[in-house]
Amino acid sequence: MAKSQTGRKLQTVRGTHDIMGDQARTFRFINQTFQDIARRFGHREISTPIFEFTEVFNRTLGETSDVVSKEMYTFEDRGGESLTLRPEYTAGISRAFISNGLQQSLPCKFFAFGPMFRYERPQKGRMRQFHQMDVEILGVPEPQADIEVLAIAATLLTELGLMDDVTLEINSLGDQESRNAYRDALVEYFTGHKDRLSEDSLARLEKNPMRILDSKDDGDRVLVADAPRISDYYNEPTRAFFDDVLAGLEALGIKYVINERLVRGLDYYSHTAFEFITAKLGAQGTVLAGGRYDGLIEKMGGPATAGIGWAAGMERLAELVSPELVPAEIRPIAIVPVGAACQMAALKLAQQLRSAGHGVDMSYRGNMGKRMKRANKANAVMAILIGEDELARGAVTVKNFDDGSQTEVALDQLMDHLSPER
RNA sequence: GCGGGUGUAGCUCAGUUGGUUAGAGCGCCAGAUUGUGAUUCUGGAAGUCGCCGGUUCAAUCCCGGUCACUCGCCCCA
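Take 3 as the starting number for the first sequence in my numbering and just add one per residue.
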């Protein structure tokens, strides 16, 4: 292993990775599929800075959330400002909405992607720098937005060939009134059973009681089984809203499972919350998740604006996507000059073909045999051999690498000869 | 932040009950083949056995620490 001058191993920072080779190709495929779909749904790209003033995140995500309390990459810049590398996209997009006065142009439909940063213990499907794709609709309080956003998700997972690997779990956290009523009931119930709660859940009871519903502790699960159910606390508007969302999913043929214990980690959610979950990734089964956050923008100091969106983890998706679906790199045409005298002619031809849109590979040194080897390694479709003999006749030799066949083609007919191949 | 597993060549892995020159396959480079690749044959380069310390006449092997990876918990995409 190579070492730096300080004698330390030259390696990436824990939980970060170089993305290259097949993984880079898979990422590109996923991202292009995502962007294409988002545009079809009328979403526009937004790209916000990778870091923001720290308040942007700790105000919106909730002081007690794990992300804020222990996972943020926060640092002071040279001017003494506290800045934070973004741990998720919604807060930054909401900030951008306010900063740019976009209430003038509601509704706003955005898509975004890029790296996120969370200081966590790395695990399968969990890194300190990871990549998300994100979709948001701002300014639509109607359930139609929930349905649309879920339709984008379902389309994406379908086109990535993952719909069979994944289950959509959905829940309604209710509006403020329903949520508060339920929360109170939960606290009362669990407080009555304090002695039987796990240590973790005792802490949750203080910080975020709804999290107890998610506990993996066996003792907690027994208690949770008899805990009050959120659906019993829905008020009429909440019930009607959730029913509309579910009816929309049914109309679109999107299968779902209602999970009344599904809660989200970040404070800003209300009404719809959902996760697409897979069993194929070990402990990190959530591949795409989101929900409604109607109060967030107002809480940040902007105009009261409804919002709903989701984020999907690229690394997690990439682990699931079948390699056959990922487009192969384009196979280049190799240009092989035979002898130094043909170097310039080869260079010109390469430029000509590249300008015409062909992928062209030309190696930098070596005799013909070497260059042929190199061309083969580059997975070229064919080699164009340029030698003095052919050149004198105004022609080149075209060799097909797949069947080994070889023909002489006049230079002025070369473009036509190549076009059917591309 | 907590617990388990792992760390030998670019990659996948053998191996040494502690002993002097640490191996294989793949890959890479070169030659057979200076106007023909993929096949075949021959040769070569490449390792401070993750790092630091301890035990020992002797450590890649045993012990401690550390770093990284990995699996799980917390939490999350």
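Positions of the beta carbon are idealized from the N, C-alpha and C atoms, including for glycine.
Burial state of Ile52, where buried means 16 or more other Cβ atoms lie within 10 Å: exposed
Proximity test, Arg294 beta-carbon vs the ligand ZN heavy atom, cut-off 6 angstroms: Absence of the ligand ZN from the depicted structure is noted, as is the absence of any ligand whatsoever, leaving it without description.
Top-ranked residue by Cα proximity to Gly292, from Gln106, Val259, Glu277 and Gly284: Here the closest residue by C-alpha is Glu277.
Opposing strand residues paired with Gln131 [DSSP bridges]: Phe119
Sequence-distant residues of the same chain with beta carbon closer than 7 angstroms to Lys401, five excluded per side: Beyond the five residues adjoining it in sequence on each side, Lys401 comes within less than 7 angstroms, by CB distance, of Met384, Ala385, Leu387 and Gln408 in the same chain, given in chain order.
Runs of alpha helix (DSSP H) lying entirely within the stretch 18 to 81, each at least 4 residues, in chain order: 23 to 42, 56 to 62 and 68 to 72
Own chain, CB closer than 7 angstroms to Ile21, minus 5 neighbours either side, in chain order: Phe29
Residue interval of the alpha helix (DSSP H) (run including Gly483): Summary: the structure shown does not reach residue 483, with the chain confined to residues 3 through 424, and so no result is reported for it.
Of the residues Arg181, Val338 and Gly287, the one placed nearest Lys375, counting alpha carbons only: Val338
Beta carbon of Ser233 nearer than 7 angstroms to that of Ser217: No; because the gap between Cβ atoms is not below 7 angstroms, this pair is not in contact.
Option nearest Pro211 by Cα separation, candidates Tyr184, Asp166 and Gly221: Tyr184
Sequence ranges, alpha helix (DSSP H) only - wholly within the stretch 301 to 339, length at least 4: Counting only runs of at least 4 residues, the stretch 301 to 339 fully encloses the following alpha helix (DSSP H) elements, listed from N- to C-terminal order: 316 to 322.
Length at least 4, wholly inside the stretch 167 to 235: the alpha helix (DSSP H) runs in chain order: As far as the stretch 167 to 235 is concerned, its whole alpha helix (DSSP H) runs of at least 4 residues are 178 to 194, 201 to 209 and 220 to 227.
Helix, strand or coil at Asn381 according to DSSP, with G and I counted as helix: coil
Euclidean distance between Cα positions of Thr399 and Ala412: Between Thr399 and Ala412, the C-alpha separation is close to 9 angstroms.
Contact the stretch 121 to 134 vs the stretch 150 to 165: 3+ CB pairs below 8 angstroms: no
Gly293, enclosing beta strand (DSSP E) - first and last residue: For Gly293, the enclosing beta strand (DSSP E) covers residues Thr288 to Arg294.
Within 7 angstroms, strictly: CB atoms of Pro334 and Gly361: yes
Beta-carbon contacts of Arg61 that lie in its chain and below 6 angstroms, excluding the five residues immediately before and after: none
Close Cβ partners of Ala320 (< 7 angstroms) along its chain, the five nearest in sequence each way excluded: Gln25, Thr28, Phe29 and Ile32
Where Ile256 sits in the DSSP three-state scheme: Looking at Ile256 - three-state DSSP - the assignment turns out to be coil, as it is neither helix nor strand.
Rounded Cβ spacing between Tyr271 and Arg294 (contact assumed at less than 8 angstroms): 7 angstroms
Nearest candidate by alpha-carbon position, reference Arg16, set Ile100, Gln34, Tyr121 and Gly368: Tyr121
C-alpha distance - Leu249 paired with Val226, whole-angstrom precision: Note that residue 249 corresponds to Ala in the displayed sequence, not to Leu. For Ala249 and Val226, the distance between alpha carbons rounds to 28 angstroms.
Where Glu208 falls, given that 16 or more other Cβ within 10 Å makes a residue buried: exposed
Three-pair Cβ contact test at 8 angstroms for the stretch 103 to 114 versus the stretch 139 to 146: yes
Status (buried if at least 16 other CB within 10 Å, exposed otherwise) for Pro89: buried
Delimiting residues of the beta strand (DSSP E) encompassing Glu410: Where Glu410 is concerned, the enclosing beta strand (DSSP E) starts and stops at Gln408 to Ala412.
Within 7 angstroms, strictly: CB atoms of Ala275 and Leu264: yes
Given Thr18 as reference, the closest of Ile48, Pro124 and Thr56 once Cα atoms are compared: Between Thr18 and the set Ile48, Pro124 and Thr56, the nearest pair of CA atoms involves Pro124.
Best match in Lys282, Asp166, Arg223 and Phe113 for proximity to Phe36 [C-alpha to C-alpha]: When only C-alpha atoms are compared, the closest one is Phe113.
CB of Val58 within 7 angstroms of CB of Ala93, strictly: yes
Spatial distance of Cys344 from Leu164 (CA atoms): 51 angstroms
As assigned by DSSP and simplified to three states, the class of Ser96: helix
Residue from Arg181, Ala306, Val328 and Ala336 whose Cα sits closest to the Cα of Glu161: Val328
Limits of the unbroken beta strand (DSSP E) element including Val15: No beta strand (DSSP E) contains Val15, which DSSP labels as neither H nor E.
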